[in-house]
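Novice: In terms of our numbering, the sequence shown has 555 at position 96, counting the first letter as 1, and numbering is strictly consecutive.
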Amino acid sequence: MGHPVVHFEIIGNDAEKLRSYYSELFGWEIDSDNPMNYGIVPREGNVSADGIGIGGGVGAAPEGYPGHVTFYIQVPDVEAALAKAESLGGSRTMGPDDVMEGVEIGLFNDPEGHLVGVVNSAS
460 MGHPVVHFEI IGNDAEKLRS YYSELFGWEI DSDNPMNYGI VPREGNVSAD
510 GIGIGGGVGA APEGYPGHVT FYIQVPDVEA ALAKAESLGG SRTMGPDDVM
560 EGVEIGLFND PEGHLVGVVN SAS
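#1: Find the nearest neighbour of His413 within the set Arg478, Val465, Leu574, judged by alpha-carbon distance.
#2: Taking the beta strand (DSSP E) that Arg551 falls in, what are its first and last residues?
#3: Anyone know if the C-beta pair for Val500 and Gly510 falls short of 8 angstroms?
#4: If you draw a straight line from the alpha carbon of Met553 to that of Gly504, how long is it in whole angstroms?
#5: Taking only the alpha-carbon atoms, compute the straight-line gap between Ala519 and Asp536 and give it to the nearest angstrom.
#6: What separation, rounded to the nearest whole angstrom, lies between the Cα atoms of Tyr497 and Ser546?
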């Protein structure tokens, strides 16, 4: 069985403007009331009538970083996934890093330069 896509992420220079834009465009319920001011798009309330959809987030880019749009795949071991991505011709861009309690992420570029995330969450 393959690993599921569990999260999408939109990071940019003006997080508030992006949250407003995507909320208005797609009707997303976005909650940024957290210490990182990261706009959580919960799966609940943002699915089709058939229950199809994943959660995600809209947040601010670090200064000097242009931002990105990516998705995250749930894996049992972030380091192992990053190492495998590298062995297959990808390049690690971040991680593994603990971003909050119980959540470890990593990012890599595939051989064509597309940014992809991996996550291992205790929840």
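The C-beta atom is built at its ideal place from N, Cα and C for all residues, glycine as well.
Specialist: Reading it off the structure:
#1: Residue 413 falls outside the range modelled here, since the chain spans only 460 to 582, and no answer is possible.
#2: Along the sequence shown, one-based indexing puts residue 551 at 92. First-last of the beta strand (DSSP E) with Arg551: 550 to 559.
#3: Here residue 500 refers to the residue found at position 41 of the sequence shown. Here residue 510 refers to the residue found at position 51 of the sequence shown. Cβ distance not < 8 angstroms, so Val500 and Gly510 don't count as in contact.
#4: To locate residue 553, count along the sequence shown from 1; it is residue 94. To locate residue 504, count along the sequence shown from 1; it is residue 45. Roughly 31 angstroms between the two C-alpha positions.
#5: Start at 1 with the first residue of the sequence shown, and residue 519 comes out as number 60. Start at 1 with the first residue of the sequence shown, and residue 536 comes out as number 77. Between Ala519 and Asp536, the C-alpha separation is close to 26 angstroms.
#6: Taking the sequence shown and counting its residues from 1, the one referred to as residue 497 is at position 38. Taking the sequence shown and counting its residues from 1, the one referred to as residue 546 is at position 87. Each residue's alpha carbon lies about 32 angstroms from the other.
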